[in-house]
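Let me begin by presenting the structure, written as structure tokens, before commenting on it.
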Amino acid sequence: MSKPIIIVNCKTYPQATGKAAVELAKHCEKAAHAYKADIRIAVQATDIAIVAKAVKIPVYAQHVDHTAPGQSTGWITAHAIKTAGARGSLLNHAEHRLGVHDIAKAVDALRHERLDSIVIAEDVHRLHEIDLAVPGATLLSIEPPELIGGNVSVSVARPEIITHAVVATTKPLIIGAGVKTRQDLDIALRLGAKGVLLASGVVLAKDQTAALKNLLS
């Protein structure tokens, strides 16, 4: 049986920035070993290098642009995140949305560097659209925006979204929005998802190690 995929998104929370991002990544790495889970962490671009040097679990960027390396300013290239130690990037989070054309080009840029792409959709219709238009994506994720950062997970509040999403895509699927507990993870896995994407449930917890234990044990 494959390990469940857990992606912890640091967002821009101070509790997961700089040295705090390194500490969280270390907590994630210990939990990955303890609970035999495939835990990955998505950090801010400025933290990729220091986090990637500190842990062996996969480190992802939270966004990448499709701009080619060279005469451009202020963009985050796939080449740059690879050089910093990232293994891939999230794309199209509800807090950083992209058009399908830009998603496809960013995925192509990541594939050129042999990096993973985790493309997020806000609903099943959008998920299916991305699945058809972006065949090269590594993983797809669905996160209903109204449940992001809340106290009730998509697994509990809207399990039918997971069921429909699994059918709507040909790629491995992870789910997110409000995920915090082992129950949230188990429901997602039982309905056909490969894992979960979460942020505040771990990052903002008073005890991040305990939050990971609550999710995995």
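Mapping of the sequence shown onto the numbering used here: position 199 corresponds to residue 188, and the numbering continues sequentially without gaps. A virtual CB, placed ideally from N, CA and C, is assigned to each residue, including glycine.
Within the chosen definition, does the stretch 100 to 116 reach the stretch 128 to 148 through at least 3 CB pairs nearer than 8 Å? Under the 8 Å Cβ criterion, the stretch 100 to 116 counts as touching the stretch 128 to 148, having at least three qualifying pairs.
Identify the continuous alpha helix (DSSP H) that holds Tyr24 and give its terminal residues. 8 to 24
Whether Ala41 touches Ile65 by CB criterion (8 Å): no
With DSSP run on the structure shown, which of helix, strand or coil describes Gly77? In the displayed model, Gly77 falls within a strand according to three-state DSSP.
What does the alpha-carbon distance come out to for the pair Ile150 and Ile(-5)? 19 Å
According to DSSP, simplified to helix, strand and coil, what is Asp105? In the structure shown, Asp105 sits in a strand (DSSP, three-state: E or B).
Cα separation between Lys292 and Thr170? Beyond the ends of the chain as shown, which are -10 and 206, falls residue 292; an answer cannot be given.
Expressed to the nearest angstrom, what Euclidean distance is found between the alpha-carbon atoms of Lys45 and His117? 33 Å
Apply the 10 Å Cβ neighbour rule to Asn225 and answer buried if 16 or more other Cβ atoms are within range, or exposed otherwise. It is not possible to answer for residue 225, since the shown part of the chain is limited to -10 through 206.
Which whole-angstrom value describes the C-beta separation of Lys0 and Ala188, a residue pair presumed to lie in contact below a C-beta threshold of 8 Å? 5 Å
Roughly how many angstroms separate the alpha carbons of Ala177 and His101, rounded to a whole number? 31 Å
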